[in-house]
DNA sequence: GCCAACGTTGGC
DNA sequence: GCCAACGTTGGC
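Set out below in structure tokens:
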């Protein structure tokens, strides 16, 4: 089982929208690194749901419910989507500031390559984030 | 709203 | 295959 972090701008698609709909088709990714990460996702993997720009915090946990397939929003065969469902909202959101201040998390992709919208997370990092949220 | 960092495109 | 120009992301 692998862990990931997926970013969304709450203006466009927030955690609350996600919960209301009960599932999400993660479309519109147009970056090779992000796409490769999506292709590596397996059903049952967990992803931290992060609000970028506004909020700048990890707000909940999503689970992969469907592995990658052709992105229906484009004809271009290079791009794919995966599907998620919400697992739970964190008791307390974990902010980017908190993550930056924790030296155990200094190697997170979120810090090192902040622009990548779909990123891998180590189990240790995932567990630390969860601990911070309680 | 600004701008640094990064990715992509296209001319050569 | 290099690199300048451009576009986008996202933190501040």
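In my numbering, the protein residues as written are 167 to 300. Note that the Cβ used here is the ideal one computed from N, Cα and C, for glycine as well. The model shown is predicted, which means the values in this text are computed figures rather than measured ones.
C-beta atoms of residue 268 and residue 227 nearer than 8 Å:
no
Buried or exposed: residue 274, going by 16 or more other Cβ atoms within 10 Å of its Cβ?
A residue is called buried once 16 or more other Cβ atoms fall within 10 Å of its Cβ, and residue 274 is buried on that count.
So does the stretch 216-226 actually touch the stretch 200-208, counting three or more Cβ pairs closer than 8 Å?
no
Put residue 120 into one of helix, strand or coil per three-state DSSP.
Shown here, the chain extends from 167 to 300; a query on residue 120 therefore has no answer.
Per DSSP, what kind of secondary structure is residue 216 in: helix, strand or coil?
strand
Measure how close the beta-carbons of residue 355 and residue 251 come, nearest whole angstrom, since I'm counting them as under 8 Å.
This structure cannot settle anything about residue 355, because the visible part of the chain is limited to 167 through 300.
Using the Cβ count rule (16 or more neighbours within 10 Å means buried), how would you classify residue 247?
buried
Might you give, ordered along the chain, the residues of its own chain that have their beta carbon closer than 8 Å to the beta carbon of residue 195, omitting 5 neighbours on each side?
201, 204, 237, 245, 246, 247, 283, 284
Would you list the residues sitting across from residue 284 in a DSSP beta bridge?
In DSSP, residue 284 forms a bridge with 172.
DSSP state of residue 179, grouped into three classes?
coil
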